[in-house]
Every structure is written in C-alpha cells, then in structure tokens.
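Reading through the structure tokens given below for one structure.
2 protein chains.
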Amino acid sequence: MARVRFLPFEVEIETLDGETVLHAAMRAGVHINASCGGAGVCNKCRVFVEEGRARGESLPEGGYKACTLVPETDLVVRVPVESHLDRRALLRAPKRRATAWLAAEARAREIPFEPSVKRHYLELPPPDLSDNLPDLRRLKRGLKEVLGQEPEVEWSLLSELPYRLRQENFRVTVTLYDHPERSAPVVQRVHPGKATESLAVAVDVGTTTLCAELVDLSSGEVLAETSDYNPQISYGEDVISRIEFARREGGLKTLAQKVRERVAGLIEELGQKTGRETEEIDLVVLSGNTVMTHLFLALEPRFLRETPYVPVAAFFPPVPARELGLPTAEGAVAEFSPCVASYVGGDIVSGVVATGFFEEDPLTLFIDIGTNGEIVVGNRDFLACAACSAGPAFEGGGIKHGMRATVGAIEAVHLDTETYEPMILTIGGRKPKGLCGSGIIALLSQLFLTGLIDRSGKFRRDLDHPRVREGRDGWEYVLVWAEDSATGEDIVFTEADIDNLIRAKGAMFAGYQTLLESVGLSVEAVERVILAGNFGSYLDLEQAITIGLLPDLPRDRFFFVGNSSLLGARLMALSRQMREKAAEVARMMTHFELSAHPGYMDYYMSALFLPHTNIELFPSVKEKLED
Amino acid sequence: MARVRFLPFEVEIETLDGETVLHAAMRAGVHINASCGGAGVCNKCRVFVEEGRARGESLPEGGYKACTLVPETDLVVRVPVESHLDRRALLRAPKRRATAWLAAEARAREIPFEPSVKRHYLELPPPDLSDNLPDLRRLKRGLKEVLGQEPEVEWSLLSELPYRLRQENFRVTVTLYDHPERSAPVVQRVHPGKATESLAVAVDVGTTTLCAELVDLSSGEVLAETSDYNPQISYGEDVISRIEFARREGGLKTLAQKVRERVAGLIEELGQKTGRETEEIDLVVLSGNTVMTHLFLALEPRFLRETPYVPVAAFFPPVPARELGLPTAEGAVAEFSPCVASYVGGDIVSGVVATGFFEEDPLTLFIDIGTNGEIVVGNRDFLACAACSAGPAFEGGGIKHGMRATVGAIEAVHLDTETYEPMILTIGGRKPKGLCGSGIIALLSQLFLTGLIDRSGKFRRDLDHPRVREGRDGWEYVLVWAEDSATGEDIVFTEADIDNLIRAKGAMFAGYQTLLESVGLSVEAVERVILAGNFGSYLDLEQAITIGLLPDLPRDRFFFVGNSSLLGARLMALSRQMREKAAEVARMMTHFELSAHPGYMDYYMSALFLPHTNIELFPSVKEKLED
C-alpha cells in the first residue's frame, strides 16, 4: 500500500491494493475530470508523477492517464488545472473520515463455539452371546455414554444400520443434530469407521445475489467463499414481480428449483475450491428475506403481498438438505434464519445477530438499504423493526439509466463546481453503461451541492450549459456523452429519476422517524448507525447524508458491516446458542407497519425535499450549502 | 343354542351356533365313528333323534348322518352301538371342563382411553392487519390454547398449509401425534373444515396369518376385522426359510412388498366392510415376531439367525404409514410393537400387554405355541422370557401328512379304545386332506392313551390291525383310508412324525422348566397358564397335557386368550399408556437363551417320553393310564 499526495491540494491518501490513482483521488475527494469511468479512453484524467514510481499508460502530450496509473512506491502526483478545474474540490475533503467497519467478524471468534451438528467417533463393543443387544440399542447405548442422553433415530436409518456398523467392526462416526424443537438430539447419519470433521455452508439468499461460505465446524474457519446472481432474476428483478411470476402455472416450482440449483452449484464450487467433498457438509444455514425464504422452500408467497400480509411461516422447521437438492452429507439439514414479518426477513434477523447490538447498551439504528429498506432500532432492552417501501431506485430500478452494480456501472461521481464536468468511476474500469446505486446517490448529491438542482430536485432552468438540457423525458443532466459510453448513447439523469430517488430516500427517512417515534424516541437519540448489506458498503456516507437518505449524526456513530446476513448465517452454523439468539431476536422484535402509523404520511411528505423540508435536521448539509 | 343329550351315555352339552351333532359329540367326549371328517360321505356316523327337532341328511337305513345334523330345538340323540363301539368312550368325559377364556377383551374397555393420535377441530381467527401472524404461528397459537404446549410441525406440511387454512376460512381439523421420543406432539395433518373422528387399524403380522381390525378411536369400538394368509408363505413357510430367501438378490424387498401389499389390501377391505374411508385412518399399530417385523420394514434379517442373534432393532421408530404403502390418512403413522430379542418378538410383548398379567400378582406362565414356542413367566414383579426351538411340528411342518389349519385339515380326532377306529372332524367339514396342529396333538394323545404307542412313541409291534402297519417310512397308523380322503391316498401318521412331535413338545416342556429354574421357581409354582395364539385356542387341554406339551396343573389354572398379539396392538392403538406399557414390558422382560443354560439339555432329554421320563410330573396322566 502506497501513499499518494495530490498537488496542488496537499491531500494525502493511502491507496488500496492495486488501486488506481483516479480511484484513490475519488476517495480522497480530489476531483479529476474523467468521463469514461476508468476505461482509459476519454484521455481527460491526465496527471503528472512528481515523485516516486508508478506504472500506467502515458499520454502523448505528457503525463499519465490517472485511471491506469498504479503506484509502485509512495507518490507525489500533480493534477494539472485542466484536469480538475475546481478550486473548491477539496474544501470539504479534510473533514471526511473513513467510516469505520463494525468489528462483526470478530464475533465469529468470540461466540460460544458449539455447532448444532457434531460428529462423534465411537468404538462400540461388537456383539457376542453375552451382549447381543439389537444394533440400534447398541448404538444408542454407546451414544448415551458420550451424551448423557439417548438420541432419536428415525426409521430411515435402520435399513443401512447393520451394514454400517459391521463394515468397520462396530467402529462408526455418528453425526448428531440438535433439532430446535426436540428434547433429544437426532442421529443424522451413521458412517462406517472414522470420518472427517463436519463442514457447514452459510448462504445469504439475496434477491439479487447469492453468497455462500464453506465453514469448518471444528475450527470455525471460513475455508472458501463464493457468490453469484440469484437466477430468479430472469423471472423478475424484485420480490413483487417474483411473487407475480409464482402465481403462474408451475411458476413457484420454477423459482424454487432455479435458486436451489444455483445454491447447489455454489456449494459444489466451494468443494472444488478447497478440495473438500460435499459429503462432509452436515449443515447448511440459509438466510434470506421472507419472500426469498418462501420461494426457496416453494411456499406460497402470494399472501405476503396481499393485505394483511401473512407469511406461511416466519420460523421454518429444519429441512433435509438433500430434499432441497443441495449436495451434502446424507442426513444433512438445511436451516433457515427466522423472519419477523412479510417484509422483515431472516436476512435482517441474521444481520442483527451478526452485529450483536441486541446484547449491547447503545441505542442502535440498523439499516439495510435495498428494494425494501429494512430498519431496526433497539439495544439489549428492546428491538423494533419496520420495512420502508423505498422501491428499487437505490438498486438502479426505475431510473432511466440505472443498472445493477456490475461491470460498467458508474459507482462514483464527482462534479466540478464551476464547469459541471463530471469525474466518474465505473466498476471494473470499463466504459460506462449506466448508474448503479452508489453512483446514483453520488450524482444526486453532487447535482444538489453544485446547485444544478434545487431543494425540490428541479434543474436550474436559467443555465446555458450543454449538459443541462430539456430532453425527451423532461429536464436532465448528461453525465456521459454518447462517444464515451459503452452503449453509444448519452447517459442522462432526469428529473423523473430525481423524483423517484427523493421519494425513496424520503420513505427511508420517514421510516426512521416513525419507527423511533413509535418507541418514544427521536433521531437524535440514536447512538450508533449500522449500515448493512452489500450496498451499504459502497455507500458514500457524506453523499447519503447530503441527500437526506441517512440522518445527519456525528460521523463517528456510523459503521459499515458488509454482508451481515451471511455472517449471521455463519454464526448460526457455528453455534446453536446463536441459532437460539436468532429465534430470540425474531421473537423479541416488534414489527411496526409504517403505513398504519398516523404520523407516517406527514413525515414522508416533509422528507420529499433535499435533504429535508426542515433543514435544521441536517445541520452539516446546511453548513455545506452556506459555504 | 340347543342342548343335546347323548344316549346311552347320558352326557349333555350345549351346542354352538350352527354346530353339528358330530362336532358337539367330539367336544362332549362322545365317540361317534367318522372317517370323512364331516364331509357326509363315509356314512358311518349314524345317530337317531329320539326327542326334539333337527335338520340334516337322513340315511337309507334310518337315522341321520351326525355330521350333517343341526339341532333346531333341544335334542335327545341316541348313538347306536355300531357308531361308537367304545364302552369307555365317556369314562373321562365328565371330568372335562371347558377351559376358561381370559377376559382380556374386557381390558379394552378398562384401559385409560387416550390414543396417541387425536384430531382437534379449531376455529382460528382469520388474519387481519392487527393480527397478521404467519399461518404456521397462527396454527401453533390455536393449538397451544388447546394443548397447553406448542406442537412440532414438519416442513413438509408447510407447502399446503396456506390453502388448507383458507379453504374453510381458518376452520381446520388438525391431527396430532404423540411421538414416543419427542416432548411435543407432532402435527400429522391439517385438514380444511371439520373432519370425522380418527380410525386406527391394529394388525397382527403372523408368520402364517395376517389379522387386522378397524378401530374407532373415539369410541374404542372394533368396527370390523379381517384376516388372510401372509403372502410371504410362497417364499418360505417358516421364518428361517424367509430369512434365507431375503438373502437373494431383491429377496428382502420382495418379502417386504408382499406383506405390505397384503396388509394394504386388508385395510382396504376393512374400509369396504364398514363404508369408512381409509383417509380416516390416522394410526396403524402392527405387532409381529422379530423376523416378521424386520421383513415388514425391509430390515436385514440375517443377523437374527446367525450367532449372536442380533436384531437390527427391537424398539422401532414410528414410520409414515404411506411410506409402507398402507392406505391411510395423509401423515398417518405406523407403529410396531417392541421386541425383546431375535426370537421373542413384538407379538409376545403385545400378548403380555393384552393379558395384563404383568400388572397382577399370580405367577403366570404365558405360552405361545408356534414354530418357535415363546414362553414368558412372571407377574407384576418380574418378567422372564425364552424361545423354545419347538420347530414347526405343531403347525403341521415336518409331519408326513401335516398341513396348516385350512379347509380339509383334520382338527379333532378320537380313537375307539377297542376297535381303534377313528372319529375325525375336519375344518369346513370337507373330505380330509391331512392333519393340522390340533389334530396332530389329538391323534398323538389318542394313540398313546389307547396303547397303540408306548411311552417312547413306538407302535405296538404285536398288534394285528389293518390300521397299524409297517409302511414305506416305517411303522404308522392309518387315520383315513384312501377312499375317504380328499387326496385319494391313505392319510397316515408315522413313527418319524411322532419322534418329531415328541422332540417339539420336549423342547417346550424343557423350556418351561429351564426358564422357571432360571428365576428360581418350579413348574408347580405356576398359578396360571395363559395359552395364546390362534393355535392355542384350538388346543384340547387334556390332550396337550397327556402328551406332555403342557404341564399337568389343575385345569382351572389354564386360560385361553386367542389372538393376544392382535388385541395388544388394539390396546396400543387405543391408549398411549398401553404403548408405554408395551415398552416397559419389553424393557423389563429378561430374555434367557435356553441353549446357554447348563441344565437345559438334561431337561430336554428327560422330556423325550410320553408324557415325560418322570411320570410323577404328570399325575393326572398317570391316573388315566392306570384306568
């Protein structure tokens, strides 16, 4: 990791591994014009290396393309005037601080380590005439010596039992499962001889993305991880359209099958990555929102959507993993993180478990921004949750050139305050295709701060600038000209897009207010904000506060936690106490139906401004605007 | 029921419904010559009706065939001298008394009536916005109000749950099952609206015969019963040959499938007989010996036969009845009576439960005479059991003209003490085909009492009688001449047959002695003998004592109990306490391996005489012989 100092601004930043100078500049708040998102084609991001060594593409007129330049040592880089053209680019940069990551991973090492599955190696005495107990009783007797109680054995194990016992002369490895609803452990499998230790798989079943980890249940170590899109996307991008698809003939079955197959594929992949057999996997813990869990289990989702929004179940009984088509050991079970309500799912419960704030003092606001922004507020004394119908805007849905956070998506934007020229970065450093969530928030924030839009989200009509124009869909800002875009057409951001975003962030903010009011608190009382979800980790805190998506609290109260749903699933796999805690969290969490709250609509209407009708709620934004 | 008085003997008997005079005479100990078993063809059983009215075939020379004659009123019947020719025929008759039936049926009305399955009709409040719990939770909440605890619901019920609940607007009938190894009841089925009460089926899975009863679990009433052969007979008549067959490729599967299919057929039949749907059946309780239970469940039986004789299981977990192909309600379970050891099975445990002697004071000897004679001794303080390798002789196996107790089998025999002419009765009154168990015992007893064989079972060599001759297989008695038999050949009883029978009864008697000695008791200490099994109920007590098969105890200590295995299965269906008692009995019962007892062989050798080497053990037989 090298340090890069940007001249003339005298701003320094530590670069990330393999990070380009352009990318580092964006993080440091240094504006460098860049139109192609880092694809190396617009040639606008010229910088000069004054000290140190770096590799990258040089430009014919001298200097390097910042989007290709990677430090080999500490660097001093000069940004020429034509590359930034923004005196004020750095005015606020020193105020920024990197948002802290919550040390949630550490929990995985602190929790009581006692998985709900366990393999026991037994050397049973072979039968003789003086001890000719039945095979099943011999097995139970041997297990009772170890466990202090007799386990339950289901009839399906009996047909193989005599062969399994005799194959290695009554030396066997028995996998036991601690069934959450039964008093005695259940024998999952009897394996001849000595078997390896158990593995588990934790899976986050996201509406968009599936993430899976292979966990060693003897050490607690994560052996490998992998992820892929949820293939249900082909049948609907959001939960509502999937619920609709499920109503078609065979639709539910198709959706279930697709996601199960893909998770099965991920599990195979984890095996291949580590050279471990899927036969070693005794447990799969899955965490997903209520709709995803219903679809995975092929449970009717339609009543989730129709008033009064009733799930088939919120606590799901364990399922034999092979019945779901998951490649695992014989008898392995799949467990699902418990849900709270139709729109507050097992992913949130899992996230709360992962962060552990339900066992701590500080009043915490836990936010998962997605299609349905879920929020939880509470501490060791109480937990309240709600779902905000934020809509898919923050995932690029309903936005003219919105897209998912894939290669070519603009994920960071900075506008020059004088020229209104953009600096953009794309995922993968390819030519831009559209805007993903973080890019959308950044652009909205920049348009607002540069004064290109007013507090109601309308463009300045008086400005004669080629990028601000009246297009086919009304007023818009041209972020990327056709010549620089991957699509061959202008990438624009319209007033309609802005309206959608304001409604979405308004729904979130009104959600915090309503939920907090429901428990007798105000936003200022929040001592900690935890931002969860994959999206959360890309979020630029300042920008999110600027547009009023997040409350304007001291920045050191904010923490990122990444994929807390996946981490929670892992914790549940590692510890049955965590599984019990998840159940406790789900039971303890009071769900508030926001739309039923009499004040909600007022809060919502007041939030339909940038950052808010009541600017006093956003003192730091007020200050920026007054600069 | 009419009374018949036989002249010149002045013996009276009450006839059974539809019973012929010949049959009644046999029961009354009145000898009437009869060679065709009651088929009405030998014309030897002439009697005259002196008073009263009767119908039957008359003979040309006057009088009626006793084998066709059925009383319409009380009768006085004279047996002419040519029809009995036995002055002594009745000498012992007045001493006889009908052996009592144990009032085991009454237990079915006395036991605590609480089946392990129960249907609950619930009217759940339909969800609304103020109460939008998940379907599963709503169901559990409703059940908790009724049960005081939450039941377990397996995941397989979830996919149908929302439709079942909504079909009759949240009015449902829930079937709950009290799983023997779980603390909470398990939901078996959720049925829309109000369903009928539960039915259960009790099945005795005999090696030869399958018997089934349909029981109403709300009233405890038996609605219908039926029986048929165990179709596994085609693959081996006894358990050993079936174990052998099971070793063939696909053999075990075939045996399991055959018996399951036949039991399924019997259940269908019970439904048809009563006009009830098999959908109403929530529970099937099966009781069979250890081998039969293994074969029914397709569990490897070979280790039952090989030393050290180890069953796969003796306590069997409940099995979803439909997985066994049994036509029942969705979710219905099949339970199996617990076994004790390889050759002391669930039928015996079930029998002990049915008779209830394990809860009473008198020292009781419980005997089930079959291929493997099982014996239990004990009372409320202890239970000890053993299996005697009696072999199949008492079921007609290994006997030259032995056969199962089916139509045409000679089931009763009396010999004239002077002429040695036989009086025989066949099942169904058809021409005789061979001898079944009770016929074999009767014939052996008669040959011995008439002096045709000596105490070692050898025929008198000095007698010039056409019926006692040296045949191809050595000395033999001709019971039926070819002209009177259904097979067209002589039906004979050989010294080899007698040897087999003596070994078989010797094994039983040595079994009682050894088992009683093992618990520090002698045969004389036995206060009650219960004779179980279908075979037991046909047994003639005097004859069985005469040959030394049963101990020579006061006759009022003997009780028949009929199919106690089936009755026990019914009790277990009616009461989970009875199911628990069966488990207690199986656990409490000490199993003795007779062959391992040092004294067994001596007892056995001493028992290889008629009735025994030590005649003092059989004082009543000694007295008869001295007559």
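Just so you know, the sequences run in chain order G and C.
Quick note: the first sequence uses the working numbering, first residue 108, plus one each step.
Quick note: the second sequence uses the working numbering, first residue 108, plus one each step.
Here a beta-carbon is modelled for each residue, glycine too, at the ideal position from N, C-alpha and C.
query, result
"Given residue 119 (chain C) as reference, the closest of C:174, C:155, C:168, C:182 once Cα atoms are compared", "C:182"
"Sub-7 Å separation of residue 312 (chain G) and residue 465 (chain G) beta-carbons", "no"
"Integer Cβ distance of residue 233 (chain C) from residue 276 (chain C), believed to fall under 8 Å", "6 Å"
"Beta-carbon neighbours of residue 262 (chain C), restricted to chain G and to distances below 8 Å", "404, 423, 424, 425, 426"
"Segment contact flag, the stretch 328-344 of chain C with the stretch 697-706 of chain C, C-beta cutoff 8 Å, min 3 pairs", "no"
"Residue-chain proximity (residue 234 (chain C), chain G), Cβ-Cβ < 7 Å", "yes"
"Where residue 304 (chain G) falls: helix, strand or coil (DSSP)", "coil"
"Under 9 Å from the C-beta of residue 699 (chain C): neighbouring residues of chain G", "Per Cβ cutoff of 9 Å: no residues; residue 699 (chain C) is ~12 Å from chain G at best."
"Within 7 Å, strictly: CB atoms of residue 280 (chain C) and residue 226 (chain C)", "yes"
"Beta-carbon proximity check, residue 677 (chain C) vs residue 309 (chain C), cutoff 7 Å", "yes"
"Residues of the stretch 439-460 of chain G whose Cβ lies closer than 7 Å to any Cβ of chain C, in chain order", "none"
"Test: residue 194 (chain G) CB closer than 7 Å to a CB of chain C", "In this prediction, residue 194 (chain G) scores a pLDDT of 38, lower than 50, which makes its location untrustworthy; no coordinate-derived value is stated."
"Residue 614 (chain G) classed as buried or exposed, judged by whether at least 16 other C-beta atoms fall within 10 angstroms", "buried"
"Between the CA atoms of residue 718 (chain G) and residue 590 (chain G) - distance to the nearest angstrom", "34 Å"
"Helix, strand or coil at residue 417 (chain C) [DSSP, three-state]", "coil"
"Residue 270 (chain G) (DSSP reduced to helix, strand or coil)", "helix"
"Where residue 195 (chain G) falls: helix, strand or coil (DSSP)", "For residue 195 (chain G), the predicted structure reports a pLDDT of 38, less than 50, and the residue's modelled location is therefore unreliable. A value from the coordinates is still provided. Correct three-state label for residue 195 (chain G): helix."
"Opposing strand residues paired with residue 697 (chain G) [DSSP bridges]", "G:491"
"Close beta carbons around residue 407 (chain C), own chain, < 8 Å, minus the five adjacent residues each side", "353, 359, 401, 419"
"Test item: CB-CB of residue 570 (chain G) and residue 529 (chain G) under 7 Å", "no"
"Contacting positions in the stretch 287-316 of chain C - beta carbon closer than 8 Å to chain G", "288, 289, 290, 291"
"Stretch pair the stretch 476-489 of chain C + the stretch 515-530 of chain C: three plus CB contacts closer than 8 Å", "no"
"Residues of the stretch 568-585 of chain C with Cβ closer than 8 Å to any Cβ of chain G, in chain order", "none"
"Residue-level contact to chain G via CB, residue 416 (chain C), 7 Å cutoff", "yes"
"Length at least 4, wholly inside the stretch 655-707 of chain C: the alpha helix (DSSP H) runs in chain order", "671-681, 683-695"
"Bridge partners - residue 228 (chain G), DSSP secondary structure assignment", "G:280"
"Reference residue 380 (chain C); option with closest CA among C:320, C:146, C:672", "C:320"
"CB-CB length for residue 178 (chain G) against residue 122 (chain G), believed under 8 Å", "6 Å"
"Residues of its chain near residue 384 (chain G), where Cβ-Cβ distance is below 6 Å and the 5 sequence neighbours each way are ignored", "none"
"Residue range of the beta strand (DSSP E) that includes residue 297 (chain C)", "293-299"
"Any C-beta of chain C under 7 Å from that of residue 95 (chain G)", "The first residue shown for chain G is 108 and the last is 734, placing residue 95 (chain G) beyond what the model contains."
"Exposure label - residue 723 (chain G); buried when at least 16 CB within 10 Å", "exposed"
"Simplified DSSP state of residue 615 (chain G), which is helix, strand or coil", "helix"
"Own chain residues within Cβ distance below 7 Å of residue 228 (chain G), not counting five before or after", "280, 301"
"Cβ-based neighbour list, residue 495 (chain C), same chain, cut-off 6 Å, excluding 5 preceding and 5 following", "480, 614, 615, 618"
"Three-state secondary structure (DSSP) of residue 181 (chain G)", "coil"
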